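Contents: one structure, followed by commentary.
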Amino acid sequence: MFRDTNQIKRIQKGDSESLRRLYVDHKDLMLTLANALLHDIHLAEDVVQEVFLRFTRNIRQIDVQTNIRAYLSTSVVNEVRSQLRRKKIRVEHGAEIEQAAPM
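The sequence shown begins at 71 in the numbering used here and counts up by one.
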């Protein structure tokens, strides 16, 4: 936790090496979580990448006292839900398109 707090402070100041270390420290756990929820390693990798990109974009708004593991885990779960929602919409609309297609 203390290490994450220091890393966040350094990342907020633009230290890319701290960002890389934070990513290395947490990516395997986040990938495992995403894959457990999706059962698709490629989609899980996309989810984790998106979560870390968003984390990087929003780093200035993140409280340095935040539990980063919990923050990233919640972000992964939310992104998985979004992916599944989009997939469901594509499947539903795909079925509608197939039914509407002339034979």
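Don't be surprised by glycine CBs; every beta carbon is placed ideally from N, CA and C.
Note that the structure is a prediction, hence the values are computed from the model and not measured.
Here His96 is near Arg139, since their CB atoms are less than 8 Å apart.
Contact annotation: Thr75 and Gln135 have beta-carbon atoms nearer than 8 Å. Within the model, the alpha-carbon separation for Glu149 versus Tyr93 is close to 17 Å. Counting of Cβ neighbours within 10 angstroms places Leu89 among the buried residues, the total reaching 16 or more.
Judged by DSSP secondary structure, His96 falls within the alpha helix (DSSP H) whose first and last residues are 86-108. Residues of the same chain with a CB within less than 8 Å of the CB of Leu108, apart from the 5 flanking positions on each side, are Ala114, Val117, Val150, Gln153, Leu154 in chain order.
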